[in-house]
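For reference, the structure is listed below as C-alpha coordinates.
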(Lines of atoms letter the chains of each structure in order from A and count residues from 1; the text may use other names and numbers.)
(Lines give C-alpha, C1' and ligand atoms only; values in the text may rest on other atoms or scores of the structure.)
Protein backbone atom coordinates (compact mmCIF):
# COMPACT_ATOMS: atom_id res chain seq x y z
CA UNK A 1 0.00 0.00 0.00
CA UNK A 2 1.09 3.59 -0.61
CA UNK A 3 0.88 6.17 2.17
CA UNK A 4 1.49 9.84 1.41
CA UNK A 5 2.55 12.26 4.11
CA UNK A 6 1.38 15.54 2.66
CA UNK A 7 4.21 17.91 1.70
CA UNK A 8 6.78 15.20 2.48
CA UNK A 9 6.44 12.25 0.12
CA UNK A 10 5.09 8.78 -0.47
CA UNK A 11 6.02 5.53 1.26
CA UNK A 12 5.39 1.96 0.21
CA UNK A 13 4.33 -0.23 3.14
CA UNK A 14 3.54 -3.91 3.19
CA UNK A 15 -0.17 -4.60 3.57
CA UNK A 16 0.71 -6.56 6.74
CA UNK A 17 1.14 -3.17 8.46
CA UNK A 18 -2.45 -2.09 7.81
CA UNK A 19 -3.66 -3.19 11.27
CA UNK A 20 -0.88 -1.26 13.01
CA UNK A 21 -1.54 1.85 10.91
CA UNK A 22 -5.24 1.64 11.77
CA UNK A 23 -4.47 1.27 15.49
CA UNK A 24 -2.13 4.28 15.43
CA UNK A 25 -4.74 6.29 13.53
CA UNK A 26 -7.39 5.28 16.09
CA UNK A 27 -5.10 6.54 18.87
CA UNK A 28 -4.87 9.92 17.14
CA UNK A 29 -8.67 10.09 16.79
CA UNK A 30 -9.11 9.19 20.48
CA UNK A 31 -6.74 11.98 21.59
CA UNK A 32 -8.46 14.54 19.33
CA UNK A 33 -11.91 13.44 20.55
CA UNK A 34 -10.71 13.75 24.15
CA UNK A 35 -9.41 17.29 23.57
CA UNK A 36 -5.91 16.13 24.55
CA UNK A 37 -3.55 18.30 22.50
CA UNK A 38 -0.36 16.86 24.00
CA UNK A 39 -1.60 13.32 23.56
CA UNK A 40 -2.59 14.12 19.98
CA UNK A 41 0.90 15.38 19.17
CA UNK A 42 2.54 12.27 20.61
CA UNK A 43 0.07 9.94 18.84
CA UNK A 44 0.37 11.72 15.50
CA UNK A 45 4.15 11.79 15.69
CA UNK A 46 4.08 8.03 16.40
CA UNK A 47 1.87 7.44 13.34
CA UNK A 48 4.22 9.42 11.09
CA UNK A 49 7.29 7.73 12.58
CA UNK A 50 5.76 4.31 11.91
CA UNK A 51 5.20 5.17 8.24
CA UNK A 52 8.73 6.51 7.87
CA UNK A 53 10.32 3.56 9.70
CA UNK A 54 8.38 0.72 8.08
CA UNK A 55 7.85 2.25 4.66
CA UNK A 56 10.20 2.58 1.74
CA UNK A 57 10.29 6.16 0.48
CA UNK A 58 9.36 6.47 -3.19
CA UNK A 59 11.58 8.66 -5.32
CA UNK A 60 10.18 11.96 -6.59
CA UNK A 61 9.85 10.54 -10.11
CA UNK A 62 8.01 7.41 -8.88
CA UNK A 63 4.54 8.89 -8.38
CA UNK A 64 1.80 6.35 -7.59
CA UNK A 65 -1.78 6.68 -6.44
CA UNK A 66 -1.86 6.91 -2.66
CA UNK A 67 -4.05 4.53 -0.69
CA UNK A 68 -3.94 6.85 2.34
CA UNK A 69 -2.99 10.50 2.67
CA UNK A 70 -1.83 11.86 6.02
CA UNK A 71 -1.69 15.59 6.80
CA UNK A 72 1.72 17.26 7.14
CA UNK A 73 3.81 16.75 10.25
CA UNK A 74 3.14 20.32 11.42
CA UNK A 75 -0.63 19.75 11.57
CA UNK A 76 -2.14 21.90 14.32
CA UNK A 77 -4.52 20.54 16.93
CA UNK A 78 -7.34 22.69 15.49
CA UNK A 79 -6.70 21.27 12.03
CA UNK A 80 -6.57 17.76 13.48
CA UNK A 81 -10.12 18.23 14.75
CA UNK A 82 -11.20 18.68 11.13
CA UNK A 83 -9.07 15.84 9.72
CA UNK A 84 -9.42 13.10 12.35
CA UNK A 85 -13.03 12.24 13.06
CA UNK A 86 -15.13 9.09 12.98
CA UNK A 87 -12.95 6.24 11.74
CA UNK A 88 -10.00 8.53 11.12
CA UNK A 89 -7.89 8.52 7.98
CA UNK A 90 -6.94 4.83 7.91
CA UNK A 91 -10.05 2.62 7.75
CA UNK A 92 -10.09 -0.88 9.18
CA UNK A 93 -8.35 -3.46 6.99
CA UNK A 94 -10.80 -5.30 4.68
CA UNK A 95 -10.68 -8.53 6.71
CA UNK A 96 -11.60 -6.63 9.91
CA UNK A 97 -14.65 -5.08 8.22
CA UNK A 98 -16.18 -8.42 7.24
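In this note's numbering, the protein residues as written are 9 to 106. All C-beta atoms in this analysis are idealised placements derived from N, C-alpha and C, irrespective of residue type, glycine included. These numbers were taken from a predicted model, which means no experiment stands behind them.
For residue i and residue j, what's the separation of their Cα atoms in angstroms?
i	j	result
residue 30	residue 69	28 Å
residue 81	residue 51	12 Å
residue 18	residue 36	20 Å
residue 76	residue 46	24 Å
residue 20	residue 97	17 Å
residue 94	residue 71	29 Å
residue 85	residue 38	13 Å
Once the 5 residues before and after residue i are set aside, which same chain residues still bring their CB inside 8 Å of it?
i	result
residue 144	There is no way to answer for residue 144, as the model of the chain reaches only from 9 to 106.
Nearest to residue i by alpha carbon, out of the options?
i	options	result
residue 58	67, 47, 99 and 33	33
residue 53	73, 28, 94 and 83	83
residue 15	38, 9, 48 and 56	56
residue 11	74, 79, 101 and 102	74
So, for residue i: in the same chain, excluding its five sequence neighbours on each side, which residues have a beta-carbon less than 6 Å away from its beta-carbon?
i	result
residue 111	Since the first and last residues shown for the chain are 9 and 106, residue 111 lies out of range.
Any beta-carbon of chain B closer than 9 Å to the one on residue i?
i	result
residue 28	As a matter of chain content, chain B is missing from the structure shown, which is built from one protein chain.
Checklist entry - In chain order, which alpha helix (DSSP H) runs of at least 4 residues are fully inside the region 66 to 102? => result Runs found: 85 to 91.
Item to check | contact_flag[the region 37 to 50, the region 16 to 26] where n(CB pairs < 8 Å) is 3 or more | outcome: no
Checklist entry - Three or more beta-carbon pairs under 8 Å between the region 58 to 74 and the region 86 to 101, yes or no? => result no
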